[in-house]
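Engineer:
Residue numbers (this note's numbering), protein chains in the order written: chain A, 1 to 218; chain B, 219 to 436; chain C, 437 to 654.
Set out below in structure tokens:
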């Protein structure tokens, strides 16, 4: 059984797994820029354009006003708050939860059992492994010298089981090691080794207290 | 008289006070997780489910795309920007204004004459007393060691007349004293006594200039 | 040719340039508070109220759920992500791009070739000149002693070609000089001269490396 609210818009050949619940004004399979250009120049209705759509696994709960682009593939037990945006060429594993107003800009890989809170920004070309937690209002970046140099955009790599506190800022290409914790408000400018704590602005890397050397409870 | 836009969705037994204005695509009485589970498993249309809804006082102005959950009780003269989310079991007093994209996660108490700006995140189990101001992009938190320990989630307590600057981060359980000011960008890790100023990352508590020892003008 | 999705709402005498694409649930010409008061008290349907609307130049691409108020004038080649809010009395030049969930509060002037990323907050009375870049989750402010003093609200002035990193906080009335760069996470409390770098919380002004003394590539 599936619940798809009558106000939801399902574009292209989107696939929605069994037992899913797609709520008010959700849009799945949103056209990327290339498709929008075709739609504009050929004056095709979005509803009639045959594209790949999004692929949502079983038991998803996608709350009102969330938009998921085409070429997004999501595993089972996916849950969202409201107004989430997930752009094209993103793959998301099983048991992932994303909070209200968070933005995933595309070309990104997210593992299993990941918990992303509200108002988070995840740029193009980011990697988030399994069992990662990302606190509210955290921002990941991918452009070291914003639009001054023609660098390849390179987002952070967040390794398995890392936990990132609220309002943290992670600089481009930085790798957060397995099991590490990033304190709230930290500005992380360098790689963080596994099972360490990064704290401060800019962040210093210190010992992670023994009692916190445990897996995230996701 | 009430203005309820034809695109608004009013779920359950929501009550809307006189002289209120509920605008485009607003949803009131949104189902919490428990209700959603019933709706999913019994295949009931949301529109037909009899729940408690939200209770909005007179003279409210709720702008387009805002979502307010069931079991939310709000006083008179409530005003919102756009895309606000207010989750279940939240009580809000009179003369409260909440800015665009702010998220109130639920189980929270907000007093009278409170002004919350845009992009603010307020977690579960937060207390905000009367005459508080919270600047844009500020984030309050409730989990001290994010998902590493089974602690009770405990948000901050913001006492009467406190003023919190833009982009501040308030750690879990921290109490911001009556009349205190938090500087923009401050990372507040400890309680702030009344009528003090917290500034820096992490914040130091210093004297509040005499000229600022006045009540918020809300 | 224009594409205006059937779910978009175009209020007042809004003008939309040729070759524009206005997508799902977008609202143009949204009523400001004064108009809302008239609508409420006279019980007029928003759709029937004759106001100035918004004026959008040719070749605009306005993605789903964006809201643009009345008395907003935008040049050609405008592009938005989703859920953007632009309030009244704002003028925006040509070739401007604004990311998902960003909020522009009104009475603001934005030049040509400006790139504003996601989750950005821009308060009332801000000036942004040509070729400026503003990174994600950045917050500009306009009230030095939030609601403690009756100061005129004065937002920052961002001069031509400045680049502001992610998660920066810019204090009220601060001027960011031409060509300057603001590091990610910087808290900018004083004016920044032209072609300098501001870094830290609070920010120090240092030399901008020679290799970065180039124009933004917008």
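Yeah, the Cβ is synthetic: ideal placement off N, Cα and C, and Gly gets one too.
1. What are the residues of the segment 96-113 of chain A that lie near chain B, defined by any Cβ-Cβ distance shorter than 7 Å?
2. With DSSP run on the structure shown, which of helix, strand or coil describes residue 486 (chain C)?
3. Taking the alpha-carbon positions, what's the residue 279 (chain B) to residue 304 (chain B) distance?
4. Checking 8 Å against the spacing of the C-beta atoms, do residue 124 (chain A) and residue 107 (chain A) come in under that value?
5. For residue 500 (chain C), verify whether its CB is less than 7 Å away from any heavy atom of the ligand FAD.
6. By the criterion of Cβ-Cβ separation under 8 Å, what are the contact partners of residue 296 (chain B) in chain C?
7. Could you tell me which whole beta strand (DSSP E) segments of length 3 or greater appear in the segment 292-333 of chain B?
8. So is residue 499 (chain C) in contact with chain B if we call contact Cβ pairs under 8 Å?
9. So if I threshold CB-CB distances at 7 Å, which residues from the segment 151-175 of chain A count as touching chain B?
10. In terms of residue numbering, what span does the beta strand (DSSP E) encompassing residue 474 (chain C) cover?
11. The beta strand (DSSP E) that contains residue 145 (chain A), what's its start and end?
12. With distance defined between alpha-carbon atoms, name the residue in C:534, C:604 and C:551 nearest to residue 147 (chain A).
13. Give the single residue among A:137, A:9, A:10 and A:22 whose Cα lies nearest to the Cα of residue 3 (chain A).
14. Can the beta-carbon of residue 353 (chain B) be found closer than 8 Å to that of residue 379 (chain B)?
15. At the level of alpha carbons, what is the spacing between residue 595 (chain C) and residue 57 (chain A)?
16. Let me check understanding here. Comparing Cα to Cα, which of B:237, B:251, B:227 and B:299 lies closest to residue 469 (chain C)?
17. Tell me which residues share the same chain as residue 519 (chain C) and place their Cβ nearer than 7 Å to its Cβ, disregarding the 5 neighbours each side in the sequence.
18. Chain B partners of residue 28 (chain A), CB-CB under 7 Å?
19. Please report whether the beta-carbon of residue 212 (chain A) lies at a distance below 8 Å from any beta-carbon of chain B.
20. Classify residue 393 (chain B) as helix, strand or coil using the three-state DSSP reduction.
21. Using the Cα positions of residue 429 (chain C) and residue 390 (chain B), report the straight-line distance between them to the nearest angstrom.
22. Could you give the residue range of the beta strand (DSSP E) that holds residue 424 (chain B)?
23. So, residue 617 (chain C) versus residue 589 (chain C), is the Cβ gap smaller than 8 Å?
24. Please return the same chain residues whose Cβ sits closer than 7 Å to the Cβ of residue 95 (chain A), not counting the five positions on each side in sequence.
25. Go through its chain and collect everything with a Cβ distance to residue 14 (chain A)'s Cβ below 6 Å, but skip five positions before and after it.
26. Just the C-alpha distance for residue 217 (chain A) and residue 195 (chain A), rounded to the nearest angstrom, thanks.
Structural biologist: According to the structure data:
1. 100 and 101
2. In the third chain, the residue the question calls residue 486 (chain C) occupies position 50. Three-state result, residue 486 (chain C): coil.
3. As a working note, residue 279 (chain B) is residue 61 in the second chain. As a working note, residue 304 (chain B) is residue 86 in the second chain. Cα to Cα, the separation comes out at about 15 Å.
4. Counting from one through the first chain, the residue named residue 124 (chain A) turns up at place 124. Counting from one through the first chain, the residue named residue 107 (chain A) turns up at place 107. Yes. Within cutoff.
5. Absent from the structure shown: the ligand FAD. Ligands present: none.
6. In the second chain, counting from the first residue as 1, residue 296 (chain B) sits at position 78. By Cβ distance, chain C contributes nothing, its closest Cβ being about 14 Å from residue 296 (chain B), past 8 Å.
7. 308-310
8. Residue mapping note: residue 499 (chain C) aligns to position 63 of the third chain, counting from 1. False, the Cβ-Cβ gap to chain B never drops below 8 Å.
9. 163, 165, 166 and 167
10. Stepping through the third chain from its first residue, residue 474 (chain C) is reached at position 38. Where residue 474 (chain C) is concerned, there is no enclosing beta strand (DSSP E), although the alpha helix (DSSP H) it sits in stretches over 469-478.
11. The residue you call residue 145 (chain A) lines up with position 145 of the first chain. Note, residue 145 (chain A): premise wrong, no beta strand (DSSP E); not H, not E.
12. On the first chain, residue 147 (chain A) is found 147 positions in, with the first residue counted as 1. The option with the nearest alpha carbon to residue 147 (chain A) is C:551.
13. For the purposes of this step, residue 3 (chain A) is taken as residue 3 along the first chain, with counting starting at 1. It is A:22 whose Cα lies nearest to the Cα of residue 3 (chain A).
14. Translated into the one-based positions of the second chain, residue 353 (chain B) becomes position 135. Translated into the one-based positions of the second chain, residue 379 (chain B) becomes position 161. Not closer than 8 Å, so no.
15. Translated into the one-based positions of the third chain, residue 595 (chain C) becomes position 159. Translated into the one-based positions of the first chain, residue 57 (chain A) becomes position 57. Distance between the alpha carbons of residue 595 (chain C) and residue 57 (chain A): 48 Å.
16. Along the third chain, read from residue 1 onward, the residue named residue 469 (chain C) stands at position 33. Closest option to residue 469 (chain C), Cα to Cα, is B:299.
17. Counting from 1 along the third chain, the entry for residue 519 (chain C) is found at position 83. Contacts found: 501, 502, 536 and 537.
18. Counting from 1 along the first chain, the entry for residue 28 (chain A) is found at position 28. Result: empty, since nearest Cβ-Cβ is about 17 Å, beyond 7 Å.
19. Here the question's residue 212 (chain A) lines up with position 212 in the first chain. At least one chain B Cβ lies under 8 Å of residue 212 (chain A).
20. Numbered from its first residue, the second chain carries residue 393 (chain B) at position 175. Strand.
21. Because residue 429 (chain C) is not part of the residues shown, which for chain C are 437 to 654, the question remains open.
22. Indexing the second chain from 1 puts residue 424 (chain B) at position 206. Taken as a continuous stretch (DSSP letters only), the beta strand (DSSP E) holding residue 424 (chain B) covers 422-425.
23. Here residue 617 (chain C) refers to the residue found at position 181 when the third chain is read from its first residue. Here residue 589 (chain C) refers to the residue found at position 153 when the third chain is read from its first residue. Contact: no.
24. Here residue 95 (chain A) is taken as the residue at index 95 of the first chain, counted from 1. Same-chain partners within the cutoff: 77, 112 and 113.
25. As a working note, residue 14 (chain A) is residue 14 in the first chain. Closer than 6 Å at the Cβ level, and outside the excluded window around residue 14 (chain A), lie 28, 29, 53 and 54.
26. To locate residue 217 (chain A), count along the first chain from 1; it is residue 217. To locate residue 195 (chain A), count along the first chain from 1; it is residue 195. When rounded, the distance between both Cα atoms is 16 Å.
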